[in-house]
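A short write-up of the structure that comes next.
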Amino acid sequence: MPETTAPQIHAVHSADHDAIAQLPWHLPLGDWSHDFLGGLPRGISRHVVRFVEIGEEVLAIKETDDRRALREFDILGVLGNLAVPTVEPRAYVTNRSTTSAKELPGALLTAYLDFSLPYRALFSRSLAEDTTGRLVDALAVLLARLHLVGFYWGDVSLSNTLFRRDADAYAAYVVDAETGELHDQLSDGQRQMDLRIAKTNIAGDFLDLQAAGLIDPEVDPLAAGERLLEAYNGLWAELTRVEEFSVNERWRIDERIRRLNDLGFDLGELTVTTDLDGVSLLVEPKVVEPNHHSRRLLRLTGIGANENQARTMLNDLDSHRSAPGFTGGAHGSGELPVELGEEEAARHWLNEVYKPLIAAIPENLTHKLEPGQIFYEFIEHRRVMSRARQRDIPTMEAIAYFIVDYLSNLPDEALYVDSQKF
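Here it is as structure tokens:
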């Protein structure tokens, strides 16, 4: 009788190793019992994908061959270290076989991304206007960030991406990187190839949605691909464009930096070259760091949020800071000191606005949205209330209405459980 060997488990955290080892690796993933599996929404995949609970965490398992499992594990780790939005690799498993010594594919394990959904799950729900455009725009931003760090994806699509709400937009995350390649820098040809692949795959994604009856049959699948190209090309030009102008127009450098900040990026370095007669300057961005607003919010408050959520919080914080002395009103109670510094204003805003909102959310509603999105929705809800009533709404009053009238009626998004078990 053939002799079987134990699977080799390579886990990032030693605490995960033993729990992962208890899973039935001697069976093909498609044959695993429902006792091990969670029913979460999946995108379309060329591989068998399932979800398991390890302690209090949910992991996604993708069955693939040993070599690709290791390669994708490494690539996802590098992308994470480069601050690219991606799922977090937790382990890979090799040397699998059945009890009769038949070889089985390897497996890649990644952490389930809370509050995220594949595009098909988003279109199966009640969606805001222009969800299609916002998803495509989010994918364009993700692709630009990948290209900036030298990553050629090779299979750009909505199917290989997860989406999380980010204020009135979406944030996109890489979920499948097995076709990707890391380089010091991408050529224009590599970038254009990725864009051609993206255009074709996105058209296929929307044809799939039409076939499933999830979008209007009149929607043009090719239009989504064209929007991606337009959004990507505009963003890439702003991030990488070399500008030349008169030495008397140095203010344009500040304008360039502000435009990049509005897009959520910071300039880590600028190369400025003066021509021989000193008449003009050549400005070239060298290092572009993403998440400008997220990093500023984290520095001031310790709150981690997506980029557009952070922008909303910072706008509210800045409004809070610039308000003259007040008693109550839209921002809370107590006198706001004059000439409040940025750090002190942040502490005041945390205690008067953010913490009271989060503390007021009943435990049974905490899985509706992540905290950053809760704050954004609260700000929008309070704005609509104030406009309708033609007055500022005190914070605690606004919170009470927000919880009862809005938050309690939303579906849970922390772990969006599908009714169908796999």
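Those letters in the sequence shown? Residues -14 to 407, by the working numbering.
Here a beta-carbon is modelled for each residue, glycine too, at the ideal position from N, C-alpha and C.
None of the values given here were measured: they were computed from a predicted structure.
Would you mind sorting residue i into buried or exposed? The rule is 16 or more other CB atoms within 10 Å of its CB.
{"i": "Gly313", "result": "Only weak support exists for where Gly313 lies, its pLDDT of 35 falling under 50; the value from the coordinates is given anyway. It counts as exposed."}
{"i": "Val323", "result": "Only weak support is given to the placement of Val323: the predicted model assigns it a pLDDT of 47, under 50, and the value that follows is read from those uncertain coordinates. Looking at its Cβ environment, which holds fewer than 16 other Cβ atoms inside 10 Å, Val323 is exposed."}
{"i": "Gly326", "result": "exposed"}
{"i": "Asp303", "result": "exposed"}
{"i": "Glu418", "result": "With the chain running from -14 to 407 in the structure shown, residue 418 is simply not present."}
{"i": "Asn394", "result": "exposed"}
{"i": "Asp1", "result": "buried"}
{"i": "Leu321", "result": "Unreliable positioning characterises Leu321 in this predicted model, as indicated by a pLDDT of 44, which lies under 50. A coordinate reading is not provided."}
{"i": "Phe387", "result": "buried"}
{"i": "Pro70", "result": "buried"}
{"i": "Asn300", "result": "exposed"}
{"i": "Thr(-10)", "result": "exposed"}
{"i": "Met298", "result": "buried"}
{"i": "His333", "result": "buried"}
{"i": "Lys353", "result": "buried"}
{"i": "Ser(-1)", "result": "exposed"}
{"i": "Ala385", "result": "exposed"}
{"i": "His277", "result": "buried"}
{"i": "Thr286", "result": "buried"}
{"i": "Glu163", "result": "buried"}
{"i": "Gln(-7)", "result": "exposed"}
{"i": "Glu215", "result": "exposed"}
{"i": "His19", "result": "exposed"}
{"i": "His305", "result": "buried"}
{"i": "Trp236", "result": "exposed"}
{"i": "Arg372", "result": "exposed"}
{"i": "Gly40", "result": "exposed"}
{"i": "Gly357", "result": "buried"}
{"i": "Asp390", "result": "exposed"}
{"i": "Arg243", "result": "exposed"}
{"i": "Glu57", "result": "buried"}
{"i": "Glu362", "result": "buried"}
{"i": "Pro275", "result": "buried"}
{"i": "Val227", "result": "exposed"}
{"i": "Pro396", "result": "exposed"}
{"i": "Arg284", "result": "exposed"}
How many whole angstroms separate the CB atoms of residue i and residue j, which I take to be in contact at a CB cut-off of 8 Å?
{"i": "Phe250", "j": "Leu224", "result": "6 Å"}
{"i": "Phe136", "j": "Leu194", "result": "Not a contact, Cβ separation roughly 27 Å."}
{"i": "Arg75", "j": "Ala(-4)", "result": "7 Å"}
{"i": "Ala152", "j": "Arg296", "result": "7 Å"}
{"i": "Leu220", "j": "Leu248", "result": "7 Å"}
{"i": "Phe100", "j": "Glu355", "result": "5 Å"}
{"i": "Glu42", "j": "Ala96", "result": "7 Å"}
{"i": "Gly189", "j": "Gly165", "result": "Contact doesn't hold; Cβ gap of about 19 Å is too wide."}
{"i": "Arg367", "j": "Ala383", "result": "4 Å"}
{"i": "Thr380", "j": "Glu337", "result": "7 Å"}
{"i": "Ala129", "j": "Tyr217", "result": "6 Å"}
{"i": "Arg149", "j": "Asn291", "result": "7 Å"}
{"i": "Leu8", "j": "Val34", "result": "15 Å between Cβ atoms; not a contact."}
{"i": "Met370", "j": "Ile359", "result": "About 16 Å; that fails the 8 Å criterion."}
{"i": "Leu167", "j": "Ile288", "result": "Contact flag wrong, Cβ pair sits at about 31 Å."}
{"i": "Leu213", "j": "Leu124", "result": "6 Å"}
{"i": "Val134", "j": "Leu67", "result": "5 Å"}
{"i": "His32", "j": "Thr83", "result": "Wrong, their Cβ atoms sit about 19 Å apart, outside the cutoff."}
In the DSSP output, which residue or residues are listed as bridge partners for residue i?
{"i": "Arg410", "result": "With the chain running from -14 to 407 in the structure shown, residue 410 is simply not present."}
{"i": "Arg35", "result": "Ile46"}
{"i": "Phe108", "result": "In DSSP, Phe108 forms no bridge with anything."}
{"i": "Ala92", "result": "Glu48 and Val78"}
{"i": "Gln(-7)", "result": "Thr79"}
{"i": "Pro275", "result": "Phe250"}
{"i": "Ser101", "result": "Arg149"}
{"i": "Glu166", "result": "Tyr137"}
{"i": "Thr116", "result": "Paired residues: none, contrary to the question."}
{"i": "Thr71", "result": "Val159"}
Kindly indicate if chain C contains any beta-carbon less than 8 Å away from that of residue i.
{"i": "Thr380", "result": "Of the protein chains in this structure there is only one, and it is not chain C."}
Taking 7 Å as the line, does the beta carbon of residue i fall inside it for any heavy atom of the ligand MG?
{"i": "Val43", "result": "Although the ligand MG was asked about, the structure shown includes no ligands whatsoever."}
task = Answer yes if the segment 130 to 146 comes into contact with the segment 95 to 107, meaning at least three C-beta pairs across the two stretches below 8 Å, and no otherwise.
result = By the Cβ rule, the segment 95 to 107 counts as touching the segment 130 to 146, because three or more pairs are nearer than 8 Å.
message = Three Cβ pairs or more, each shorter than 8 Å: is that satisfied between the segment 90 to 100 and the segment 46 to 53?
response = In this structure the segment 90 to 100 lies against the segment 46 to 53, because at least three pairs of beta carbons, one per stretch, are closer than 8 Å.
query = Are at least three pairs of beta-carbons, each pair with one atom in the segment 166 to 176 and one in the segment 203 to 212, less than 8 Å apart?
reply = Fewer than three pairs of CB atoms, one per stretch, sit closer than 8 Å, so the segment 166 to 176 makes no contact with the segment 203 to 212.
ask   = Fully enclosed by the segment 318 to 405, which alpha helix (DSSP H) runs are 4 residues long or longer?
value = Entirely contained in the segment 318 to 405, the alpha helix (DSSP H) runs reaching 4 residues are, in chain order, 327 to 334, 340 to 345, 356 to 374 and 380 to 390.
query = Taking three-plus beta-carbon pairs below 8 Å as touching, is the segment 147 to 162 in contact with the segment 196 to 205?
reply = Segments in contact, no.
message = Which runs of the alpha helix (DSSP H) at least 4 residues long sit entirely within the segment 167 to 196? Give them in chain order.
response = If we require 4 residues or more, the alpha helix (DSSP H) runs fully inside the segment 167 to 196 come out as 173 to 196.
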